[in-house]
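Here's the structure, in structure tokens; my notes come after.
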Amino acid sequence: MMISSAKRSSKMVPGDKGVDRARSRRALGMGRFDFERGANFGMESIVRWVLGPGLTMLLLMSLAVTGQGFPSEGWREGDGESSAKVSGLVFCQIADLGAPGGGPPVLISIVRSERGVALGPENETLPVRLRVERVRVIDPSQVRQLLGENRTLGEIKEEIEGDGGDYSYRGNIRLGHAHYLLKDLNLTSEGRNSTLDAELMEPVWGAIPTAPEPGHEVAGTVSIETRHLEDGSVIGVGTILIFGGPFAGSYLVILDSSAGGGCGMEVCPTFLGDLAGWEAGYMGPEGGVPAFSARSYSEIQDPFLEMILTGPGLAPVPSSWGPGPFGCSWEPDRHFTGPTDRRRWGPRDI
Amino acid sequence: MIEGDERSRPSRGSPSAVGVYLLLAAIAFSPLVPSPALADDAVGADGDFGSIVLDVYLDAEGRALIVGYIEADGVEDLAFLEGTEFFYDEDTGELYARSGGLTSVLGDETRVEFEAGADWKEGHLAFYLPKEAELMAVSCSEGLDYSVVEAEDSMKVEVLGYDVEGIEVVIGYDLAG
Numbered sequence: 000m001m002i003s004s005a006k007r008s009s010k011m012v013p014g015d016k017g018v019d020r021a022r023s024r025r026a027l028g029m030g031r032f033d034f035e036r037g038a039n040f041g042m043e044s045i046v047r048w049v050l051g052p053g054l055t056m057l058l059l060m061s062l063a064v065t066g067q068g069f070p071s072e073g074w075r076e077g078d079g080e081s082s083a084k085v086s087g088l089v090f091c092q093i094a095d096l097g098a099p100g101g102g103p104p105v106l107i108s109i110v111r112s113e114r115g116v117a118l119g120p121e122n123e124t125l126p127v128r129l130r131v132e133r134v135r136v137i138d139p140s141q142v143r144q145l146l147g148e149n150r151t152l153g154e155i156k157e158e159i160e161g162d163g164g165d166y167s168y169r170g171n172i173r174l175g176h177a178h179y180l181l182k183d184l185n186l187t188s189e190g191r192n193s194t195l196d197a198e199l200m201e202p203v204w205g206a207i208p209t210a211p212e213p214g215h216e217v218a219g220t221v222s223i224e225t226r227h228l229e230d231g232s233v234i235g236v237g238t239i240l241i242f243g244g245p246f247a248g249s250y251l252v253i254l255d256s257s258a259g260g261g262c263g264m265e266v267c268p269t270f271l272g273d274l275a276g277w278e279a280g281y282m283g284p285e286g287g288v289p290a291f292s293a294r295s296y297s298e299i300q301d302p303f304l305e306m307i308l309t310g311p312g313l314a315p316v317p318s319s320w321g322p323g324p325f326g327c328s329w330e331p332d333r334h335f336t337g338p339t340d341r342r343r344w345g346p347r348d349i
Numbered sequence: 000m001i002e003g004d005e006r007s008r009p010s011r012g013s014p015s016a017v018g019v020y021l022l023l024a025a026i027a028f029s030p031l032v033p034s035p036a037l038a039d040d041a042v043g044a045d046g047d048f049g050s051i052v053l054d055v056y057l058d059a060e061g062r063a064l065i066v067g068y069i070e071a072d073g074v075e076d077l078a079f080l081e082g083t084e085f086f087y088d089e090d091t092g093e094l095y096a097r098s099g100g101l102t103s104v105l106g107d108e109t110r111v112e113f114e115a116g117a118d119w120k121e122g123h124l125a126f127y128l129p130k131e132a133e134l135m136a137v138s139c140s141e142g143l144d145y146s147v148v149e150a151e152d153s154m155k156v157e158v159l160g161y162d163v164e165g166i167e168v169v170i171g172y173d174l175a176g
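These protein sequence lines are chains A and B, in that order. Letter by letter, the first sequence follows residues 0 to 349 in numbering that gives the first Met the number 0. Letter by letter, the second sequence follows residues 0 to 176 in numbering that gives the first Met the number 0.
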């Protein structure tokens with residue numbers, strides 16, 4: 000199954016939208032969100048005007064608590080070298096997903112490290128972790144040759160770093176307690192937003208294969224769009240499709256975007272604080288008929304809510320609740336924290 | 000009237016507006032709930048350890064080159080670096096280490112023992128064994144998963160984990176074939 004980036008136009012035409020949705024309502028006899036007629040002030044009104052702002056406040060409060068409650072994820076907090084917290088602001092790293100070679104000249108760096116939740120139908124949720132690493136391609140044979148030549152560590156380092164070399168991306172996703180490796184990982188950026196597309200591979204975990212495997216079959220796909228909102232916050236939204244097994248189904252994924260090892264530094268996301276920048280961009284399965292596409296949402300003013308509600312249909316997923324962490328990894332950019340050369344050599348200097 | 004009835008009836012199998020807000024509420028409260036993962040994070044705070052991503056290249060003589068990224072306040076106390084020649088850049092988190100003590104030989108079996116006793120938010124290790132290695136056993140500490148794949152010129156053992164209290168990996172293999 001292929002995932003296409005079926006982004007909706009950022010410029011919406013209210014008239015067109017209204018006509019389509021009115022048709023949809025007439026066709027299906029639905030008027031669930033018809034606030035215009037003024038006759039349906041009921042539960043929806045309460046949700047929209049009371050629960051919505053209330054929960055948004057709770058979100059903001061929880062983020063504040065999160066920032067204070069995870070000193071673990073601050074980088075050398077309080078040692079005077081870090082700008083992790085400045086006047087109540089918490090900074091975190093936003094990875095540089097720019098052109099290859101634009102990242103730090105290290106062999107391995109983490110360019111995306113995110114956690115969030117995956118939403119199935121009937122409001123079932125699973126915790127999600129996503130990590131993407133930028134890795135210098137190293138030939139193991141070359142390393143073994145260098146080890147065999149009794150080179151010093153400095154010489155080996157110089158040899159490995161000296162030939163330029165290519166970088167590639169690798170990563171994995173944990174959905175609930177299931178690990179999937181990312182294959183054919185494709186990271187693209189447009190403006191300040193980026194998109195991650197990859198296939199999911201599920202190797203045999205916890206067992207030694209008795210025979211060489213011909214290759215892992217594709218277990219699913221993932222597509223995540225990360226957007227930088229106008230207030231500087233960052234959010235990732237997308238889909239995970241799992242083709243088989245206990246986690247088979249389609250999941251809407253919401254990720255708190257933070258990363259380690261990146262280059263840039265931006266204000267840590269005030270997740271869901273100001274979603275005005277969202278224009279209901281969404282990725283849906285190509286050719287699929289969204290289960291909720293015929294419903295009317297013309298009266299929903301919250302673009303984020305609209306985006307979710309107008310997303311693709313969600314297949315059944317297991318209702319196992321795992322731990323639901325959703326804390327930001329409050330990490331300042333270590334590339335800017337060290338006033339001096341803090342490199343160290345081990346017992347045997349070279 | 001019918002519309003009113005329809006509206007009052009929850010829509011089964013689809014994320015309603017209430018459902019979405021419930022999801023947002025879950026997100027909002029999740030940092031406050033003392034879940035195991037959050038507890039792990041809290042523990043990890045004390046040690047100033049975050050992520051560990053290492054590639055370990057082993058040759059037939061048991062020598063190892065360890066390269067990668069470690070997010071930590073210091074790496075000197077990590078067991079796998081004891082007595083090892085290493086280079087660690089605290090600014091970038093980059094680690095280079097050359098070790099002869101990571102492996103031991105008992106009869107035909109070569110054993111790799113890797114230990115990084117700290118609370119890690121994320122862990123990813125890739126061991127590149129010689130291609131002719133015949134795997135006999137792999138064991139990992141709690142919270143870690145491993146997989147084995149035959150790479151071009153290596154036998155690759157990949158270990159993954161999130162929010163783990165200490166990382167221990169033991170790999171036994173036979174080079175005699």
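Think of the CB as a built atom: it goes at the ideal place given N, C-alpha and C, for glycine as much as any other residue.
Counting C-beta neighbours from all protein chains within 10 Å, is the total for A/Pro-208 16 or more, i.e. buried, or is it exposed?
For the purposes of this step, residue 208 of chain A is identified with residue 209 of the first sequence, where counting begins at 1. By the 10 Å Cβ count, A/Pro-208 comes out exposed.
Same chain, Cβ closer than 8 Å to B/Thr-218, neighbours up to 5 away in sequence not counted
For chain B, the structure presents residues 0 to 176; residue 218 of chain B sits outside this window and is missing.
For B/Ala-115: DSSP bridge partner residues
Here the question's residue 115 of chain B lines up with position 116 in the second sequence. DSSP, once it has assigned bridges, lists B/Ile-166 as partnering B/Ala-115.
Span of the alpha helix (DSSP H), counted from its first residue to its last, around B/Glu-149
In the second sequence, residue 149 of chain B corresponds to position 150, counting from 1. B/Glu-149 -> not in any alpha helix (DSSP H); beta strand (DSSP E) instead, spanning 143–149.
8 Å Cβ cutoff met for A/Val-116 and A/Val-127:
Position 117 of the first sequence, counted from the start, is the residue given in the question as residue 116 of chain A. Position 128 of the first sequence, counted from the start, is the residue given in the question as residue 127 of chain A. A contact, by the Cβ cut-off of 8 Å.
Cβ neighbour criterion (16 or more within 10 Å) applied to B/Ser-138:
Reading the second sequence from its first residue, position 139 is the one you call residue 138 of chain B. Exposed is the call here.
In the DSSP assignment, find the beta strand (DSSP E) that holds A/Ile-172 and state where it starts and stops.
Residue mapping note: residue 172 of chain A aligns to position 173 of the first sequence, counting from 1. First-last of the beta strand (DSSP E) with A/Ile-172: 166–174.
Presumed contact (8 Å Cβ cut-off) between A/Ala-247 and A/Ile-239, rounded CB distance:
Position 248 of the first sequence holds residue 247 of chain A. Position 240 of the first sequence holds residue 239 of chain A. In fact, because the Cβ distance is near 11 Å, the residues do not count as touching under 8 Å.
Please name the residues in the region 233–246 of chain A whose beta-carbon is closer than 9 Å to at least one beta-carbon of chain B, in chain order.
none
Helix, strand or coil, according to DSSP, for A/Asn-192 in the structure here?
Taking the first residue of the first sequence as position 1, residue 192 of chain A is located at position 193. In the structure shown, A/Asn-192 sits in a strand (DSSP, three-state: E or B).
Please confirm whether B/Val-137 has its beta-carbon closer than 8 Å to some beta-carbon of chain A.
Within the second sequence, residue 137 of chain B is the residue found at index 138, counting from 1. It does; some Cβ of chain A falls within 8 Å.
For the ligand ADP, is there any heavy atom lying closer than 7 Å to the beta carbon of B/Gly-142?
Among the components modelled here there is no ligand, and therefore nothing to report on the ligand ADP.
Are the beta-carbon atoms of B/Phe-113 and B/Val-52 separated by less than 8 Å?
Translated into positions along the second sequence, residue 113 of chain B becomes position 114. Translated into positions along the second sequence, residue 52 of chain B becomes position 53. No. Outside cutoff.
Flag B/Gly-67 as yes if its beta-carbon sits less than 8 Å from any beta-carbon of chain A, otherwise no.
For the purposes of this step, residue 67 of chain B is identified with residue 68 of the second sequence, where counting begins at 1. Answer yes: the Cβ-Cβ gap between B/Gly-67 and chain A drops below 8 Å somewhere.
Suppose the cutoff is 6 Å on Cβ atoms and the five residues either side in sequence are ignored; what does the same chain contact list for B/Leu-159 look like?
Within the second sequence, the letter at position 160 stands for residue 159 of chain B. Once the five neighbours on either side are set aside, the close Cβ partners of B/Leu-159 are His-123, Asp-144.
Taking CB distances under 8 Å as the criterion, tell me whether B/Asp-76 reaches chain A.
The count along the second sequence starts at 1 and reaches residue 76 of chain B at position 77. No - not a single Cβ of chain A is within 8 Å of the one on B/Asp-76.
Could you round the C-beta distance between A/Asp-252 and A/Gly-237 to whole angstroms and report it? I think they count as a contact, below 8 Å.
As a first step, residue 252 of chain A is located in the first sequence; it is residue number 253 there, counting from the start. As a first step, residue 237 of chain A is located in the first sequence; it is residue number 238 there, counting from the start. According to the sequence shown, residue 252 of chain A is Val rather than Asp. The pair is a contact, with the Cβ atoms about 5 Å apart (cut-off 8 Å).
For A/Asn-149, does the count of other Cβ atoms within 10 angstroms reach 16, so buried, or fall short, so exposed?
What you label residue 149 of chain A is simply residue 150 of the first sequence in a count that begins at 1. The residue in question, A/Asn-149, is exposed, as its Cβ has fewer than 16 Cβ neighbours within 10 Å.
Within 8 Å, strictly: CB atoms of A/Leu-106 and B/Val-66
On the first sequence, residue 106 of chain A is found 107 positions in, with the first residue counted as 1. On the second sequence, residue 66 of chain B is found 67 positions in, with the first residue counted as 1. Yes; because the gap between Cβ atoms is below 8 Å, this pair is in contact.
Chain A partners of B/Val-147, CB-CB under 7 Å?
Sequence index remark: in the second sequence, residue 147 of chain B carries index 148 (1-based). Result: Ile-207, Pro-208.
Hey, how far is the Cα of B/Ala-96 from the Cα of A/Ile-159?
Counting from 1 along the second sequence, the entry for residue 96 of chain B is found at position 97. Counting from 1 along the first sequence, the entry for residue 159 of chain A is found at position 160. Distance between the alpha carbons of B/Ala-96 and A/Ile-159 is about 13 Å.
Where B/Ala-125 and A/Thr-151 are concerned, what is the direct C-alpha to C-alpha distance, given to the nearest angstrom?
Within the second sequence, residue 125 of chain B is the residue found at index 126, counting from 1. Within the first sequence, residue 151 of chain A is the residue found at index 152, counting from 1. So the two alpha carbons sit approximately 23 Å from each other.
If you run the structure through DSSP and keep just helix, strand and coil, what is A/Ala-206?
Residue numbering aside, residue 206 of chain A sits at position 207 when the first sequence is read from its first letter. Here A/Ala-206 carries a coil assignment [DSSP, helix/strand/coil].
Can you tell me which residues form a DSSP beta bridge with A/Lys-182?
As a working note, residue 182 of chain A is residue 183 in the first sequence. In the DSSP output, where bridge partners are listed per residue, A/Lys-182 has A/Glu-198.
Those residues which DSSP pairs with A/Ile-109 across a bridge
Along the first sequence, read from residue 1 onward, the residue named residue 109 of chain A stands at position 110. DSSP, once it has assigned bridges, lists A/Glu-132 as partnering A/Ile-109.
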